[in-house]
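In the UniProt record's numbering, the protein residues as written are 1 to 348. Backbone N, C-alpha and C fix where the C-beta goes; we use that ideal spot for every residue, glycine too. These numbers come from a predicted model, not from an experiment. Read the structure below first, then the notes.
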């Protein structure tokens, strides 16, 4: 892609998110979300492959449907209450519609079906943008809506953690596994949103760091399914040794960074008297942990058969920049001891 066009698209992507962040009016927020969608579509379709085009079309249709629902709900709210302010959603009907529209935008279950299919059709770089940056703008709006619809948010959160764990169990494609991982993590965030927005932000931040590391590892290996992971020991032995830690951090095992948000969420849910919800969420985390363990096993404890076709790409030196990966890997593995400092920063 032409670097000037790429720069314009990335600028559009940033501007759309920033407009949504800064808006207090529903029309402006909607406009930011639309800019965001339109800026990423050429990035998604840049490889003229039928799968990429199919993924782009699916993404466009779902995002357009979510944006139309959002616009309809905000107009309905203005008609019923005379308010265009984001914080002034008092009527339950537009409030529920907007929550569901934003859930469709970020891919919360049961409105998640498009996300694994779309992510599977993209390359890893665009997939990374879709899994991280594209979640920020809708999340900013959900955070501002949060006092309403407590039951709806808990249902969305629990369904997402369960489907995110269940859906990834039988997958062999890494991008689909990461899509289900994303659904499960978003479920945890939505679950705690109404009780502690600061813990939601902390979970979002750790999710972004861990997902960034995982995508970069797969990009460095040029891996798109479980079988190709087995060849990574010959390309980058040190990284192959660290990758299971990144994956187990995504699964939420102590003493890694990914344990911090799960720990705080379960603690807060128990404080709110929602022990059954906390138990279900913790059990669903075990489902996710299984497929992260499966990836770790495939990467570090299996050796690919050394045939001529498989051995060619092993010895080629990588030309990719590894500083971002090194930084994010260190954060993915080592941030748990800083939990008190981080939670103090977020709550102050």
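Length of the line joining the Cα atoms of residue i and residue j
i, j, result
"residue 249", "residue 101", "30 Å"
"residue 116", "residue 344", "35 Å"
"residue 181", "residue 217", "16 Å"
"residue 287", "residue 273", "24 Å"
"residue 48", "residue 337", "46 Å"
"residue 45", "residue 333", "34 Å"
"residue 35", "residue 56", "15 Å"
"residue 53", "residue 38", "14 Å"
"residue 290", "residue 67", "35 Å"
"residue 245", "residue 70", "39 Å"
"residue 253", "residue 211", "15 Å"
Any non-hydrogen atom of the ligand SAM within 7 Å of residue i CB
i, result
"residue 280", "Ligands displayed in this structure: none; no statement on the ligand SAM is therefore possible."
Close Cβ partners of residue i (< 6 Å) along its chain, the five nearest in sequence each way excluded
i, result
"residue 119", "127, 175 and 179"
"residue 243", "217 and 299"
"residue 335", "257"
Simplified DSSP state of residue i, which is helix, strand or coil
i, result
"residue 36", "helix"
"residue 308", "With a pLDDT of only 46 at residue 308, under 50, the local geometry of the prediction cannot be trusted, and no value is derived from it."
"residue 185", "helix"
"residue 2", "coil"
"residue 225", "strand"
Neighbourhood of residue i by C-beta, 8 Å cutoff - its chain only, sequence neighbours within 5 removed
i, result
"residue 268", "192, 195, 196 and 199"
Boundaries (first-last residue) of the alpha helix (DSSP H) holding residue i
i, result
"residue 92", "92-106"
"residue 195", "No alpha helix (DSSP H) contains residue 195, which DSSP labels as neither H nor E."
"residue 127", "124-131"
"residue 233", "232-235"
"residue 263", "259-271"
"residue 116", "114-120"
Neighbourhood of residue i by C-beta distance below 7 Å, restricted to the same chain and skipping five residues each side
i, result
"residue 26", "74, 84 and 86"
"residue 331", "209 and 257"
"residue 201", "346"
Is it a yes or a no for the stretch 260-267 touching the stretch 128-136, going by three-plus beta-carbon pairs under 8 Å? no
Taking contact to mean at least 3 C-beta pairs separated by less than 8 Å, is the stretch 289-299 in contact with the stretch 184-201? no
Given 8 Å, three or more beta-carbon pairs between the stretch 70-78 and the stretch 90-100: yes
Within 8 Å, do at least three Cβ pairs link the stretch 204-211 to the stretch 160-174? no
Determine contact between the stretch 220-239 and the stretch 153-164, defined as no fewer than three beta-carbon pairs at a distance below 8 Å. no
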